[in-house]
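Chemist: Chains as they are written, first to last, in this note's numbering: chain W, 313 to 471; chain E, 313 to 471; chain Y, 313 to 471; chain H, 313 to 471.
A virtual CB, placed ideally from N, CA and C, is assigned to each residue, including glycine.
4 protein chains.
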Amino acid sequence: MPFIYERTVRFQDTDAAGVVYFANILSMCHEAYEASLADAGINLNRFFCYPKVAIPVTHSSIDFTRPLFCGDRVRIYLTPRETKDTDFEVSYEACVVESVGDSMDQVQEATAARALTRHTCIDSAARMRTFIPDEVMRWLHQWGDPNQSRAARESDLLL
Amino acid sequence: MPFIYERTVRFQDTDAAGVVYFANILSMCHEAYEASLADAGINLNRFFCYPKVAIPVTHSSIDFTRPLFCGDRVRIYLTPRETKDTDFEVSYEACVVESVGDSMDQVQEATAARALTRHTCIDSAARMRTFIPDEVMRWLHQWGDPNQSRAARESDLLL
Amino acid sequence: MPFIYERTVRFQDTDAAGVVYFANILSMCHEAYEASLADAGINLNRFFCYPKVAIPVTHSSIDFTRPLFCGDRVRIYLTPRETKDTDFEVSYEACVVESVGDSMDQVQEATAARALTRHTCIDSAARMRTFIPDEVMRWLHQWGDPNQSRAARESDLLL
Amino acid sequence: MPFIYERTVRFQDTDAAGVVYFANILSMCHEAYEASLADAGINLNRFFCYPKVAIPVTHSSIDFTRPLFCGDRVRIYLTPRETKDTDFEVSYEACVVESVGDSMDQVQEATAARALTRHTCIDSAARMRTFIPDEVMRWLHQWGDPNQSRAARESDLLL
Numbered sequence: 313m314p315f316i317y318e319r320t321v322r323f324q325d326t327d328a329a330g331v332v333y334f335a336n337i338l339s340m341c342h343e344a345y346e347a348s349l350a351d352a353g354i355n356l357n358r359f360f361c362y363p364k365v366a367i368p369v370t371h372s373s374i375d376f377t378r379p380l381f382c383g384d385r386v387r388i389y390l391t392p393r394e395t396k397d398t399d400f401e402v403s404y405e406a407c408v409v410e411s412v413g414d415s416m417d418q419v420q421e422a423t424a425a426r427a428l429t430r431h432t433c434i435d436s437a438a439r440m441r442t443f444i445p446d447e448v449m450r451w452l453h454q455w456g457d458p459n460q461s462r463a464a465r466e467s468d469l470l471l
Numbered sequence: 313m314p315f316i317y318e319r320t321v322r323f324q325d326t327d328a329a330g331v332v333y334f335a336n337i338l339s340m341c342h343e344a345y346e347a348s349l350a351d352a353g354i355n356l357n358r359f360f361c362y363p364k365v366a367i368p369v370t371h372s373s374i375d376f377t378r379p380l381f382c383g384d385r386v387r388i389y390l391t392p393r394e395t396k397d398t399d400f401e402v403s404y405e406a407c408v409v410e411s412v413g414d415s416m417d418q419v420q421e422a423t424a425a426r427a428l429t430r431h432t433c434i435d436s437a438a439r440m441r442t443f444i445p446d447e448v449m450r451w452l453h454q455w456g457d458p459n460q461s462r463a464a465r466e467s468d469l470l471l
Numbered sequence: 313m314p315f316i317y318e319r320t321v322r323f324q325d326t327d328a329a330g331v332v333y334f335a336n337i338l339s340m341c342h343e344a345y346e347a348s349l350a351d352a353g354i355n356l357n358r359f360f361c362y363p364k365v366a367i368p369v370t371h372s373s374i375d376f377t378r379p380l381f382c383g384d385r386v387r388i389y390l391t392p393r394e395t396k397d398t399d400f401e402v403s404y405e406a407c408v409v410e411s412v413g414d415s416m417d418q419v420q421e422a423t424a425a426r427a428l429t430r431h432t433c434i435d436s437a438a439r440m441r442t443f444i445p446d447e448v449m450r451w452l453h454q455w456g457d458p459n460q461s462r463a464a465r466e467s468d469l470l471l
Numbered sequence: 313m314p315f316i317y318e319r320t321v322r323f324q325d326t327d328a329a330g331v332v333y334f335a336n337i338l339s340m341c342h343e344a345y346e347a348s349l350a351d352a353g354i355n356l357n358r359f360f361c362y363p364k365v366a367i368p369v370t371h372s373s374i375d376f377t378r379p380l381f382c383g384d385r386v387r388i389y390l391t392p393r394e395t396k397d398t399d400f401e402v403s404y405e406a407c408v409v410e411s412v413g414d415s416m417d418q419v420q421e422a423t424a425a426r427a428l429t430r431h432t433c434i435d436s437a438a439r440m441r442t443f444i445p446d447e448v449m450r451w452l453h454q455w456g457d458p459n460q461s462r463a464a465r466e467s468d469l470l471l
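Pasting the structure below:
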C-alpha cells in the first residue's frame, strides 16, 4: 500500500516557461518522503538534522511525462523498498488530479512524473555503512509493497 | 477575519544553520496568499501566469522573532487591506504551533515572523496602473479586517 | 566603497510570470553578502554553519522597481553599516546592466530593487547578544561607507 | 572539449544536514547548461521563455559521491551529445576544487556528483517533435565530444 501525499503547485515551484521547474518535482517527491516518515511517527528534525544514522540520497532519477502548472493539484504515490540491509529505495509517481464533470467527487489522474531515490544508512560517528534503523524498518513495512519485497529477496537468493 | 494557512516546515526550506532560510519565510507567506486566493475562487494559473491585470509585489518587509525547524507545524494568519483603488497590502503572522501536555487537542502558538507585502494592479496590455479587479475586491472583503478598511477609507477622505 | 557582486539571472530564479520570483531577489542579495564576507577572508562554512557567534537576519525589507528576466546581468552594490556594538545592517542596490550601442565596453544600469537586511550577533553557547566579532568589524570597515558610519556615530551621541 | 562552469556553493543551496540539498545539485547542473548556451551566443530569455522550439528536460538522473558544503568551489564539466535528430542529452561532472599546499595555483578536484539530462525538441505551435534548431546544433558541436558523437552515429546506422 503506497503512502499518498497531496499538495497544490505553488507559484514558486514554477519557472518562466510557465510550468514547474524540473528539479522542483524531485523536491516535491522528497516532501512526500518526509510526510511518510512523519506519518510513521519519525521526528523529522532529529531524522534529518541530528541523526545517529544519516541516510543521504545516493542516487536519483526522474522521467517527466506531463508539465505541471501553478494551481494544479498533485498527488504523489510513494513506495519504499529495502534493497540491502543497509540500503533502501523509494519510488514516486506524481499525478495531476482533475475534477470530472460537474461533481467534485469524481476525479481523474494523469501521471506527470515517475521518480526514484536511493538511500544508504551511514553511522554518523563511525562514518561507515550501518543497518537500516528500526524506526525506518517499520516505515518500510508500513508503506512498502510486500510482494515486491519478497520478489526482491528471492532474486537476492538467486545471485 | 484573517485567512489561516497551515503547513509543515520541510527539509528543503532549511539551510545549514539548521533553521528555515530567511527568504523562504517570505515564500511561505506567498503560499498563504495563493491559498487565500484559491479559497476565494480565483484560478491561480490565470491570476499569476496569464493575467489581464498583473498584480506584482512592489514592496515587502519581514521581522524574524524565532527560528523555524524542519518538521515544525507553521500557521500563517493572513489579512489583506485595500490601500488605494489600485493598491492593496497583505500582512502575515507566522506562528509555530505546538501541542501542550498529553492531549493533541491543546496547542499553543509562538510568533516566528511578521511580514508585509504591497501589491499594485497593472493593466497588462496598457502597462498602466488600473483598478483592483472585482474578484480581488471580493477576496479583500472576505479576509480583510472591516474596521481597518473603514479606518483606511476615512483617512483617505481626510487627505 | 560598496562591494560589487555580479551574476546572471538563471532560469530557476524565475517564476511563471516570466520574471524573477520576488523572494529570490532577497536570496541574490544574500549571495552578495556571502561573496563580500568571503572576499574579506571569512570562511563561509564556519561563519554560517558552525559559528561561535551566530549572526541571524532579524529584519529585511525590499522595494521592487523593475522586473528581472532570465539571462539578465545583475550587479549588486552592497554597503554594510554598524548600528550598535552588537548589530549591523546591510543595504543592497540591485541593477540590471545592459550594453549600450555596438561596443561591449559601454554599459548602462537600471535599478531593479533596493533591499536591507538587519543582523544581530548572538553568542551560540550563551544564547545572548554579544559584540560584533573582529573579522566582521574588518569587513564592516572594508566595505562600509565611512561618512555614513561617522554620521551614525554622531547621531548615537545625540541620543 | 567539455564546457566548464564554476561557482561557489551558497548558504541557500544547503539544508539542515549541513550540505547541499540533493535536488539543488541538479539545479547547479542546469546553471552550467544555461551558461554553456549563453557562451554559444544563445539568448537565454528567448530560449527558455518564448521559444519557437521548446526543449524540455524529459529525463534526469544523478549519482552523489561526496557532499558539498557552503563556500565550496564547484567546477562542473558539461558535455552535450545528439542522440536523435530531435533529441540530445547532457552529461555533467560536478567536482569540488581545493587548493593544495601553500600555492593558490595548485588545485586538486574530487568528484561530488555525476548527472545526466535528456531533452526533446518540441515545436511550440504544432506541439509536435521537431528537429534540433541550428543554434543548438552549433552548441552541440562546440562542446560535444566528437568521438562520442561519431560512435553514436555509427551505432544508429547499425540499428
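Verify the CB distance criterion: does Q324/W have a CB-CB separation below 8 Å to chain C?
Modeler: Absent from the structure: chain C. Protein chains present are W, E, Y and H.
Chemist: In whole angstroms, give me the CA-to-CA distance for F376/W and F359/W.
Modeler: For the purposes of this step, residue 376/W is identified with residue 64 of the first sequence, where counting begins at 1. For the purposes of this step, residue 359/W is identified with residue 47 of the first sequence, where counting begins at 1. C-alpha separation (whole angstroms): 29 Å.
Chemist: Applying the 10 Å Cβ sphere with the 16-neighbour rule, what's the burial state of R465/Y?
Modeler: One-based indexing of the third sequence puts residue 465/Y at position 153. In this predicted model, R465/Y has a pLDDT of only 46, less than 50, meaning its place in the structure is not dependable enough to derive any value.
Chemist: Taking Cβ-Cβ distances shorter than 9 Å, what residues in chain Y pair up with Q381/H?
Modeler: Taking the first residue of the fourth sequence as position 1, residue 381/H is located at position 69. Before going on, a small fix: residue 381/H reads as Phe here, not Gln. What F381/H touches in chain Y: L356, N357 and C361.
Chemist: So G383/Y and T320/Y are supposed to be a Cβ contact under 8 Å. How far apart are they, rounded?
Modeler: Here residue 383/Y refers to the residue found at position 71 of the third sequence. Here residue 320/Y refers to the residue found at position 8 of the third sequence. About 6 Å separates the two Cβ atoms, so the contact holds.
Chemist: Taking the CB atoms as reference points, tell me whether I316/Y and R430/Y lie closer together than 8 Å.
Modeler: By 1-based counting over the third sequence, the position of residue 316/Y is 4. By 1-based counting over the third sequence, the position of residue 430/Y is 118. No, the pair does not count as a contact, with Cβ atoms beyond the cut-off.
Chemist: Who are the near neighbours of V409/W in its chain, counting only those whose CB is closer than 6 Å to its CB and skipping five residues on each side?
Modeler: Counting from one through the first sequence, the residue named residue 409/W turns up at place 97. Excluding residues within five positions, the ones whose Cβ falls inside 6 Å are R385, R387, V419 and E421.
Chemist: According to DSSP, is Q454/W part of a helix, a strand, or is it coil?
Modeler: For the purposes of this step, residue 454/W is taken as residue 142 along the first sequence, with counting starting at 1. Three-state result, Q454/W: helix.
Chemist: Going along the chain, which unbroken runs of the alpha helix (DSSP H) with 4 or more residues stay wholly within the stretch 343-397 of chain W?
Modeler: Counting only runs of 4 or more, we get 356-361.
Chemist: Between V369/W and F334/Y, what straight-line distance do the alpha-carbon atoms span, to the nearest angstrom?
Modeler: By 1-based counting over the first sequence, the position of residue 369/W is 57. By 1-based counting over the third sequence, the position of residue 334/Y is 22. Between V369/W and F334/Y, the C-alpha separation is close to 30 Å.
Chemist: Taking the beta strand (DSSP E) that I316/H belongs to, which residues open and close that run?
Modeler: Here residue 316/H refers to the residue found at position 4 when the fourth sequence is read from its first residue. Counting along the chain, the beta strand (DSSP E) containing I316/H begins and ends at F315 to T320.
Chemist: On the DSSP bridge list, what partners appear for M440/W?
Modeler: To locate residue 440/W, count along the first sequence from 1; it is residue 128. Paired residue(s): D435/W.
Chemist: Just the Cα atoms here: how many angstroms apart are R450/E and V448/W?
Modeler: By 1-based counting over the second sequence, the position of residue 450/E is 138. By 1-based counting over the first sequence, the position of residue 448/W is 136. Whole-angstrom Cα-Cα distance: 48 Å.
Chemist: Using a Cβ cut-off of 8 Å (strictly closer), state whether D327/H contacts chain E.
Modeler: Position 15 of the fourth sequence, counted from the start, is the residue given in the question as residue 327/H. By this cut-off, D327/H is an interface position.
Chemist: Is the CB of V402/Y under 8 Å away from at least one CB in chain H?
Modeler: Sequence index remark: in the third sequence, residue 402/Y carries index 90 (1-based). So, not an interface residue.
Chemist: Can you tell me whether F323/E is buried or exposed, with buried defined as 16 or more other CB within 10 angstroms of its CB?
Modeler: For this step, residue 323/E is matched to residue 11 along the second sequence. Buried: at least 16 other Cβ atoms inside 10 Å.
Chemist: Any beta carbon from chain W within less than 8 Å of S373/E's own beta carbon?
Modeler: Along the second sequence, one-based indexing puts residue 373/E at 61. No, because no Cβ of chain W sits closer than 8 Å to the Cβ of S373/E.
Chemist: Looking only at its chain, what residues have a beta carbon closer than 6 Å to the beta carbon of Q454/E, apart from the 5 residues adjacent to it on each side?
Modeler: Counting from one through the second sequence, the residue named residue 454/E turns up at place 142. So the list reads A352, once near-sequence residues are dropped.
Chemist: Mind checking V331/Y: buried by the 16 CB within 10 Å criterion, or exposed?
Modeler: On the third sequence, residue 331/Y is found 19 positions in, with the first residue counted as 1. Classification of V331/Y: buried, given that the 10 Å Cβ count is 16 or more.
Chemist: Return the first residue and the last residue of the beta strand (DSSP E) that Y404/E is part of.
Modeler: By one-based count along the second sequence, residue 404/E stands at place 92. That run of the beta strand (DSSP E) goes D399 to S411.
Chemist: At 7 Å on the CB atoms, spell out the chain W contacts of S339/E, in chain order.
Modeler: Indexing the second sequence from 1 puts residue 339/E at position 27. Chain W residues near S339/E: Q324.
Chemist: Can you round the beta-carbon distance between I374/H and L338/H to whole angstroms, since I take them to be within the 8 Å contact cut?
Modeler: Along the fourth sequence, read from residue 1 onward, the residue named residue 374/H stands at position 62. Along the fourth sequence, read from residue 1 onward, the residue named residue 338/H stands at position 26. At roughly 6 Å, the Cβ-Cβ gap stays under 8 Å, so I374/H and L338/H are in contact.
Chemist: So that I know if they touch, is there some Cβ in chain H lying closer than 8 Å to that of A335/W?
Modeler: Along the first sequence, one-based indexing puts residue 335/W at 23. True, the Cβ-Cβ gap to chain H drops below 8 Å.
Chemist: Starting from V369/E, find everything on chain Y with Cβ-Cβ shorter than 7 Å and list it in chain order.
Modeler: As a position in the second sequence, residue 369/E is number 57, starting the count at 1. What V369/E touches in chain Y: F334 and F376.
Chemist: Using DSSP's beta-bridge definition, name the partner residues of L428/E.
Modeler: Along the second sequence, read from residue 1 onward, the residue named residue 428/E stands at position 116. Its beta-bridge partners are S373/E and S403/E.
Chemist: Measuring only between beta-carbons, confirm whether H453/E sits less than 8 Å from chain Y.
Modeler: On the second sequence, position 141 is the one that residue 453/E refers to. No, H453/E does not count as interfacial toward chain Y.
Chemist: Flag H342/H as yes if its beta-carbon sits less than 8 Å from any beta-carbon of chain W, otherwise no.
Modeler: In the fourth sequence, counting from the first residue as 1, residue 342/H sits at position 30. By this cut-off, H342/H is an interface position.
Chemist: Report the rounded CA-to-CA distance for N355/W versus A425/H, giving the unit in angstroms.
Modeler: Counting from 1 along the first sequence, the entry for residue 355/W is found at position 43. Counting from 1 along the fourth sequence, the entry for residue 425/H is found at position 113. Taking the straight line from one Cα to the other gives about 29 Å.
Chemist: Among residues of its own chain, excluding the 5 on either side of C407/E, which ones have a beta-carbon nearer than 8 Å to its beta-carbon?
Modeler: Sequence index remark: in the second sequence, residue 407/E carries index 95 (1-based). Contacts found: V386, R387, I388, Y389, E421, A422, T423 and A424.
Chemist: If we ignore side chains and look at the alpha-carbon of each, how far apart do F443/Y and C361/E end up?
Modeler: As a working mapping, residue 443/Y is identified with position 131 in the third sequence. As a working mapping, residue 361/E is identified with position 49 in the second sequence. Computed Cα separation, rounded: 47 Å.
Chemist: By the 10 Å Cβ neighbour count, where 16 or more other Cβ atoms means buried, how is M313/H classified, buried or exposed?
Modeler: As a working note, residue 313/H is residue 1 in the fourth sequence. Exposed: under 16 other Cβ atoms inside 10 Å.
Chemist: Return no unless some Cβ of chain Y is closer than 8 Å to the Cβ of G353/H.
Modeler: Position 41 of the fourth sequence holds residue 353/H. It does not; no Cβ of chain Y falls within 8 Å.
Chemist: Can you look up V419/H in the DSSP assignment and give me helix, strand or coil?
Modeler: Within the fourth sequence, numbered from 1, the residue matching residue 419/H stands at position 107. Three-state result, V419/H: strand.
Chemist: Can you list, in chain order, the residues of its chain with a C-beta nearer than 7 Å to that of D327/E? Leave out the 5 residues immediately preceding and following it.
Modeler: Start at 1 with the first residue of the second sequence, and residue 327/E comes out as number 15. So the list reads Y333, once near-sequence residues are dropped.
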